[in-house]
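Numbering (my numbering), first residue to last: 10 to 306. Okay, structure first, notes after.
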């Protein structure tokens, strides 16, 4: 039971966690704060939170857990504001998609990292954003990655783990660098590709016909291009090098396939496609058989 949960930056992630915990009677009260009142007022009206304030000190006073759910590049500013307000019993955690950026922000703010600062990332999401899109079951059968740091308080890490498990998630641990490399390949790169493809087609002189006759595969692949551009702008800059490495690797493979097509090398093209199908089927069918939803972000 969490006595008081405070969410900094109320949106899809924080709102969904609040709804999930409330549904399980696992939280006493939920407060939220942010830079503007509109989303906070909406969250209160929808019953997602119990109270809100624009004053950070008031919001976190007496909080058992503080969840930082702001855009990635705002992290350092938020942690700087929290620094004089953190007491020895308060747990601070986050939902940022890039953990290296959050760790660097913490290291720049604190002389010694607070033992109850627990970095985490739920691998779940939607192309919709805002507290109005919050869902009670958003995290059910999805993974949450925690990246425990040297010196972390074991009880604090376990509390954050249990919080996400109550929300329905499977919680796994991972090193910060490994997390950012894996997410660059599986989430950040696909978003960059989807945005770039839609942008390129939208600039085409025949864009109206292209989108008019787009089939289901196109809609499925480009769905994530409807995600919040500001959030993904932040993620791309925060995880810059890992994403560049992924783009370079993909560009090399794309150039290889282009040459195969130019050469009319049917057997080699089929081999690439068959290899990709096998790899995807083995991974995702295994998840379905295990009763888990494929992770999404």
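Note that the Cβ used here is the ideal one computed from N, Cα and C, for glycine as well.
Delimiting residues of the alpha helix (DSSP H) encompassing residue i
i, result
"residue 219", "216-221"
"residue 169", "163-175"
"residue 202", "198-211"
"residue 148", "Per DSSP, residue 148 belongs to no alpha helix (DSSP H) and is neither H nor E."
"residue 187", "185-192"
"residue 226", "225-231"
Cα-Cα separation, residue i to residue j
i, j, result
"residue 91", "residue 45", "18 Å"
"residue 36", "residue 26", "10 Å"
"residue 93", "residue 251", "33 Å"
"residue 229", "residue 132", "18 Å"
"residue 114", "residue 273", "51 Å"
"residue 95", "residue 117", "16 Å"
"residue 303", "residue 151", "Its pLDDT being 49, under 50, residue 303 is placed unreliably by the model, and the measurement read from it follows with that caveat. Computed Cα separation, rounded: 7 Å."
"residue 85", "residue 111", "7 Å"
"residue 289", "residue 80", "31 Å"
"residue 261", "residue 120", "42 Å"
"residue 126", "residue 52", "26 Å"
"residue 305", "residue 269", "Caution is warranted here: a pLDDT of 48 is assigned to residue 305, below 50, making its placement in the model unreliable, and the coordinate value is therefore given only provisionally. Going by the C-alpha atoms only, they are around 31 Å apart."
"residue 191", "residue 108", "11 Å"
"residue 128", "residue 156", "6 Å"
"residue 87", "residue 76", "11 Å"
"residue 225", "residue 218", "15 Å"
"residue 292", "residue 283", "14 Å"
"residue 38", "residue 173", "17 Å"
"residue 242", "residue 197", "10 Å"
"residue 148", "residue 100", "21 Å"
"residue 205", "residue 248", "18 Å"
"residue 146", "residue 28", "8 Å"
"residue 235", "residue 130", "21 Å"
"residue 141", "residue 281", "42 Å"
"residue 258", "residue 50", "45 Å"
"residue 184", "residue 264", "32 Å"
"residue 223", "residue 209", "15 Å"
"residue 164", "residue 199", "36 Å"
Proximity below 9 Å, CB of residue i to CB of residue j
i, j, result
"residue 16", "residue 89", "no"
"residue 23", "residue 104", "yes"
"residue 58", "residue 32", "no"
"residue 56", "residue 13", "no"
"residue 256", "residue 201", "yes"
"residue 166", "residue 74", "no"
"residue 106", "residue 233", "no"
"residue 254", "residue 193", "yes"
"residue 138", "residue 240", "yes"
"residue 143", "residue 30", "no"
Endpoints, beta strand (DSSP E) assigned at residue i
i, result
"residue 153", "152-155"
"residue 243", "Segment 238-247 is the alpha helix (DSSP H) holding residue 243; no beta strand (DSSP E) there."
"residue 182", "179-182"
Heavy atom of the ligand COA within 8 Å of residue i beta-carbon
i, result
"residue 92", "You won't find the ligand COA in this model; it holds no ligand whatsoever."
* **Cβ contact (3+ pairs, closer than 8 Å) linking the region 150-162 and the region 10-24** => They do not touch, by the three-pair rule.
* Asked: For the region 65-136, which segments carrying the beta strand (DSSP E) assignment without a break, of at least 3 residues, lie completely within its bounds, in sequence order?
  -> Secondary structure in the region 65-136: the beta strand (DSSP E) runs of 3 residues or longer, each lying completely within the stretch, are 74-77, 100-103 and 129-132 in chain order.
* Can you check the region 18-65 for any beta strand (DSSP E) of at least 3 residues that lies completely inside it and give the ranges in chain order? => Every beta strand (DSSP E) stretch that sits fully inside the region 18-65 and reaches 3 residues is listed by chain position as 36-42.
* If we count Cβ pairs, one from each stretch, closer than 8 Å, do we get three or more for the region 199-215 versus the region 268-283? -> Under the three-pair Cβ rule at 8 Å, the region 199-215 does not count as touching the region 268-283.
* Could you tell me whether the region 177-193 touches the region 53-70, using the rule of 3 or more Cβ pairs below 8 Å? => Segment contact: the region 177-193 against the region 53-70, fewer than three CB-CB distances shorter than 8 Å; contact not assigned.
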